[in-house]
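Position one of the sequence shown corresponds to residue 1 (full-length UniProt numbering), numbered consecutively onward.
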Amino acid sequence: MAEVRPVTAVEDVQATVNSLGALFDVTQDVSEVSASKDARNEVSASKDGRKLPDGPPLFMYLMAGCAALNSTNIGFDIGASTGVALLLQEEWQLTDGQVGLFMGSFSFVAAFGGLSSQAVSDRLGRRWTFAVTQVVLLVGLAIMASAVSFGMLMVGRVFVGLAVGFGLAVDPLYITELAPAQHRGRLTSWPEIATNLGILLGFVVNWAFADIDHAISWRLMLAVGGILPIALLVLSLKVMPESPRWLISKGRVEEATLVLRSSHPQNEDIAAVVEAIQSEISEEQLNESSGWAPLFCPDKVTKRLLLIGIGVAFSQQISGVDCVLAYSPTIFKRAHVATSEQSLFALTMLVGFTKTAFIVLAACYMDTKGRRPLLILSTTAMTVCLATLALAMGLDISWLSVVAVCSYVAAFSLGMGPITWIIAAEVFPSQIRAKAMSLATFTNRMTSGMLTLTFLPLSDAMGGQAQYFGLLAVLTGLTAVFACVVVPETKQMTLEQLHQHIGRMVHRADPQGESRI
Numbered sequence: 001m002a003e004v005r006p007v008t009a010v011e012d013v014q015a016t017v018n019s020l021g022a023l024f025d026v027t028q029d030v031s032e033v034s035a036s037k038d039a040r041n042e043v044s045a046s047k048d049g050r051k052l053p054d055g056p057p058l059f060m061y062l063m064a065g066c067a068a069l070n071s072t073n074i075g076f077d078i079g080a081s082t083g084v085a086l087l088l089q090e091e092w093q094l095t096d097g098q099v100g101l102f103m104g105s106f107s108f109v110a111a112f113g114g115l116s117s118q119a120v121s122d123r124l125g126r127r128w129t130f131a132v133t134q135v136v137l138l139v140g141l142a143i144m145a146s147a148v149s150f151g152m153l154m155v156g157r158v159f160v161g162l163a164v165g166f167g168l169a170v171d172p173l174y175i176t177e178l179a180p181a182q183h184r185g186r187l188t189s190w191p192e193i194a195t196n197l198g199i200l201l202g203f204v205v206n207w208a209f210a211d212i213d214h215a216i217s218w219r220l221m222l223a224v225g226g227i228l229p230i231a232l233l234v235l236s237l238k239v240m241p242e243s244p245r246w247l248i249s250k251g252r253v254e255e256a257t258l259v260l261r262s263s264h265p266q267n268e269d270i271a272a273v274v275e276a277i278q279s280e281i282s283e284e285q286l287n288e289s290s291g292w293a294p295l296f297c298p299d300k301v302t303k304r305l306l307l308i309g310i311g312v313a314f315s316q317q318i319s320g321v322d323c324v325l326a327y328s329p330t331i332f333k334r335a336h337v338a339t340s341e342q343s344l345f346a347l348t349m350l351v352g353f354t355k356t357a358f359i360v361l362a363a364c365y366m367d368t369k370g371r372r373p374l375l376i377l378s379t380t381a382m383t384v385c386l387a388t389l390a391l392a393m394g395l396d397i398s399w400l401s402v403v404a405v406c407s408y409v410a411a412f413s414l415g416m417g418p419i420t421w422i423i424a425a426e427v428f429p430s431q432i433r434a435k436a437m438s439l440a441t442f443t444n445r446m447t448s449g450m451l452t453l454t455f456l457p458l459s460d461a462m463g464g465q466a467q468y469f470g471l472l473a474v475l476t477g478l479t480a481v482f483a484c485v486v487v488p489e490t491k492q493m494t495l496e497q498l499h500q501h502i503g504r505m506v507h508r509a510d511p512q513g514e515s516r517i
């Protein structure tokens with residue numbers, strides 16, 4: 001009997017995608033597929049027995065899509081929680097403070113999950129961090145869906161928050177380390193697209209279960225969220241390769257080379273890419289004994305990079321986007337737009353559709369128009385929309401409130417949403433990247449938690465939601481100023497070129513200061 005060569009899951013998926021790409025004329029015609037079949041089927045075994053295809057960069061898009069599924073999980077929880085909170089407040093007679101704790105604790109715990117993800121991803125690798133994230137998320141969802149008390153519900157919320165913290169840090173990190181510079185902007189916007197799709201899916205599930213008995217409908221909303229984590233757990237263990245930068249940092253250069261050949265264009269000099277990464281890793285190893293010191297006692301260049309990366313992470317949430325999403329049914333209810341749960345959830349679906357459509361539009365222009373112009377346009381438009389929302393709620397103009405909220409999330413998706421994590425992942429040097437991404441995630445989630453926790457009581461204390469959104473308009477205007485003054489353009493730069501560029505900027509501003517990275 002002839003020996004049958006085993007085929008890995010990665011090869012199967014790669015071959016399928018290549019065939020579909022050829023069918024729809026995405027990458028090459030049928031004759032080219034046939035001619036290059038043997039070349040694409042060349043694989044080499046990695047250390048753990050898995051095999052990687054030496055194929056075109058279409059594989060890179062596939063792996064980025066797998067990583068982005070983690071953000072879909074995050075988005076689903078955000079979207080579904082809006083309906084769960086509204087139904088639970090009626091079913092369990094929760095106070096505004098308890099609702100705020102339910103919504104805000106998610107972000108507070110995610111902040112600490114983001115910090116711990118650095119230790120997990122540096123020790124276990126990015127791929128295993130994805131797997132751990134899905135297990136923690138599944139545990140949290142199971143506890144929440146079966147909760148019989150508010151305390152039990154909050155225990156599950158803690159697990160979900162930890163999983164979200166892991167995911168927010170590792171998604172852009174994995175894609176940034178896998179993708180070449182010319183594709184990085186588009187690909188690192190995928191987690192934000194996936195988050196939006198997840199939010200929309202959560203809104204749709206809320207709407208679908210709105211007419212079911214409230215005693216079980218909110219449990220079903222949470223239970224549906226367990227489907228994608230199971231799928232991603234399988235993908236992370238069976239299909240996704242490890243980050244080439246992490247592999248090189250562990251001395252597994254041959255495996256890293258195989259991954260880079262699969263994720264980079266065929267005409268790219270992989271040896272030069274490996275050499276550049278090795279150079280970064282060598283410097284990282286020289287500085288690893290300092291622990292967190294480079295972050296808290298940085299030189300002038302690193303200080304600027306931290307200001308940019310952590311600053312945009314803070315700016316994203318101080319604009320109040322999570323408040324608008326988490327409390328959109330409440331906002332529309334108090335604006336007298338609708339009263340029934342079915343109608344309120346239908347309006348949140350409209351918000352979700354708008355947000356998703358504009359994030360896709362932003363991804364198309366990310367690498368051509370640049371990060372900085374879109375960020376400035378986005379923050380400026382968000383400021384105008386928040387001011388309009390404050391005016392609409394103050395004058396009780398219901399239809400204008402809907403327009404303002406939809407316009408606000410569209411403006412957010414056009415720039416601030418995806419660009420935040422692109423810039424954060426791009427600006428941090430290798431020796432502090434994982435720790436700095438964790439710190440940026442911590443800042444982002446703590447800011448979100450602070451706003452979502454205090455939204456209901458603070459808006460009441462200020463005299464209404466109109467005054468609260470007026471305050472958010474002022475804060476968002478300040479983020480537009482920050483984007484204009486501090487944030488540089490990072491379009492199509494390698495990580496090394498970007499760091500050298502920032503170093504020259506700092507040196508020109510302060511010739512006597514340190515400019516090394």
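Just so you know, even glycine gets a beta-carbon here, dropped at the ideal spot from N, CA and C.
Segment contact flag, the segment 421-439 with the segment 305-324, C-beta cutoff 8 Å, min 3 pairs: yes
Best match in 306, 351, 137, 156 for proximity to residue 410 [C-alpha to C-alpha]: Numbered from its first residue, the sequence shown carries residue 410 at position 410. Among 306, 351, 137, 156, the Cα nearest to that of residue 410 belongs to 351.
Own chain residues within Cβ distance below 8 Å of residue 90, not counting five before or after: Looking up residue 90 in the sequence shown gives position 90. Excluding sequence neighbours, residue 90 sits near 214.
Member of 98, 256, 171 whose CA lies at the smallest distance from the CA of residue 150: Counting from 1 along the sequence shown, the entry for residue 150 is found at position 150. Out of 98, 256, 171, 98 has the C-alpha closest to the C-alpha of residue 150.
Alpha carbon of residue 62 to alpha carbon of residue 393, nearest angstrom: Position 62 of the sequence shown, counted from the start, is the residue given in the question as residue 62. Position 393 of the sequence shown, counted from the start, is the residue given in the question as residue 393. So the alpha carbons of these two residues sit roughly 44 Å apart.
Outcome for residue 399 when other beta-carbon atoms lying within 10 angstroms are tallied against a minimum of 16: As a working mapping, residue 399 is identified with position 399 in the sequence shown. Label assigned to residue 399: exposed.
The segment 127-135 in contact with the segment 464-479 per 3-pair CB rule at 8 Å: no
CB contact flag (residue 160, residue 140, <8 Å): Numbered from 1 along the sequence shown, position 160 holds the residue referred to as residue 160. Numbered from 1 along the sequence shown, position 140 holds the residue referred to as residue 140. Yes, the Cβ-Cβ distance between residue 160 and residue 140 is below 8 Å.
Touch test, the segment 321-338 against the segment 444-464, Cβ-Cβ under 8 Å, three pairs minimum: yes
Chain-order list of residues whose beta-carbon lies under 6 Å from that of residue 187 (same chain, five-residue window excluded): Counted from its first residue, the sequence shown places residue 187 at position 187. For residue 187, where only same-chain residues beyond five positions count, the Cβ hits under 6 Å are 64, 175, 179.
Inter-stretch contact at 8 Å, needing at least 3 Cβ pairs: the segment 200-216 / the segment 351-370: yes
Through-space distance from residue 488 to residue 153, alpha-carbon basis: Here residue 153 refers to the residue found at position 153 of the sequence shown. Here residue 488 refers to the residue found at position 488 of the sequence shown. About 43 Å.
contact_flag[the segment 326-339, the segment 77-87] where n(CB pairs < 8 Å) is 3 or more: yes
Contact between the segment 302-311 and the segment 479-488 (3+ Cβ pairs under 8 Å): yes
Residue burial classification, residue 264 (beta-carbon count within 10 angstroms, cutoff 16): Within the sequence shown, the letter at position 264 stands for residue 264. With 16 or more other Cβ atoms within 10 Å, it is buried.
Secondary structure of residue 238, DSSP reduced to three states: Here residue 238 corresponds to residue number 238 of the sequence shown, with the count starting at 1. It is helical.
Distance between beta carbons of residue 156 and residue 70, contact taken as under 8 Å: Looking up residue 70 in the sequence shown gives position 70. Looking up residue 156 in the sequence shown gives position 156. Incorrect: roughly 19 Å between the Cβ atoms, too far for contact.
Proximity of residue 212 and residue 359 at Cβ, strictly below 8 Å: Taking the first residue of the sequence shown as position 1, residue 212 is located at position 212. Taking the first residue of the sequence shown as position 1, residue 359 is located at position 359. No, these two residues do not count as a Cβ contact at 8 Å.
Assigned secondary structure, residue 327 (DSSP; H/G/I helix, E/B strand, else coil): Against the sequence shown, residue 327 aligns to sequence position 327. If DSSP states are grouped into helix, strand and coil, residue 327 belongs with coil.
Simplified DSSP state of residue 518, which is helix, strand or coil: Residue 518 is absent from the model: the chain starts at 1 and stops at 517.
For residue 402, three-class secondary structure by DSSP: Here residue 402 corresponds to residue number 402 of the sequence shown, with the count starting at 1. If DSSP states are grouped into helix, strand and coil, residue 402 belongs with the helices.
Beta-carbon contacts of residue 196 that lie in its chain and below 8 Å, excluding the five residues immediately before and after: The residue you call residue 196 lines up with position 196 of the sequence shown. Correct list, in chain order: 75, 352, 355, 356, 359, 413, 417.
Assumed close pair residue 463, residue 390 - CB separation to whole angstroms, cut-off 8 Å: As a working mapping, residue 463 is identified with position 463 in the sequence shown. As a working mapping, residue 390 is identified with position 390 in the sequence shown. So it is not a contact: roughly 12 Å between Cβ atoms.
Same chain, Cβ closer than 7 Å to residue 3, five either side skipped, listed in chain order: Reading the sequence shown from its first residue, position 3 is the one you call residue 3. For residue 3, the pLDDT reaches just 38, beneath the cut-off of 50, and the residue's location in the model is therefore unreliable, although a value from the coordinates is still provided. So no residue of the chain qualifies.
Residues of its chain near residue 380, where Cβ-Cβ distance is below 6 Å and the 5 sequence neighbours each way are ignored: Residue mapping note: residue 380 aligns to position 380 of the sequence shown, counting from 1. Correct list, in chain order: 480.
Residue closest to residue 66, alpha-carbon to alpha-carbon, out of 134, 236, 230: Position 66 of the sequence shown, counted from the start, is the residue given in the question as residue 66. Cα-wise, what sits closest to residue 66 is 236.
Rounded separation between residue 375 and residue 388 - CA only: Reading the sequence shown from its first residue, position 375 is the one you call residue 375. Reading the sequence shown from its first residue, position 388 is the one you call residue 388. Looking at the two C-alpha atoms, the distance is approximately 20 Å.
Rounded straight-line distance, which links the Cα of residue 444 to that of residue 114: What you label residue 114 is simply residue 114 of the sequence shown in a count that begins at 1. What you label residue 444 is simply residue 444 of the sequence shown in a count that begins at 1. Approximately 10 Å between the Cα atoms of the pair.
Beta-carbon proximity of residue 423 to residue 371, cut-off 8 Å: Start at 1 with the first residue of the sequence shown, and residue 423 comes out as number 423. Start at 1 with the first residue of the sequence shown, and residue 371 comes out as number 371. Yes.
Residue 467 - DSSP class collapsed to helix/strand/coil: Position 467 of the sequence shown, counting from 1, holds the residue named residue 467. In the structure shown, residue 467 sits in a helix (DSSP, three-state: H, G or I).
Straight-line Cα distance separating residue 279 from residue 100: Your numbering for residue 100 matches position 100 in the sequence shown. Your numbering for residue 279 matches position 279 in the sequence shown. Cα to Cα, the separation comes out at about 47 Å.
Rounded separation between residue 421 and residue 190 - CA only: As a first step, residue 421 must be located in the sequence shown, where it is residue number 421. As a first step, residue 190 must be located in the sequence shown, where it is residue number 190. Residue 421 and residue 190: Cα-Cα distance of roughly 10 Å.
Assigned exposure category for residue 172 - 16 Cβ within 10 Å defines buried: To locate residue 172, count along the sequence shown from 1; it is residue 172. Buried is the call here.
7 Å Cβ shell around residue 338 - same chain, five flanking residues per side excluded: Here the question's residue 338 lines up with position 338 in the sequence shown. Here the set comprises 332, 344, 347.
Continuous alpha helix (DSSP H) stretch holding residue 460: start and end: Taking the first residue of the sequence shown as position 1, residue 460 is located at position 460. Segment 433-461, the alpha helix (DSSP H) holding residue 460.
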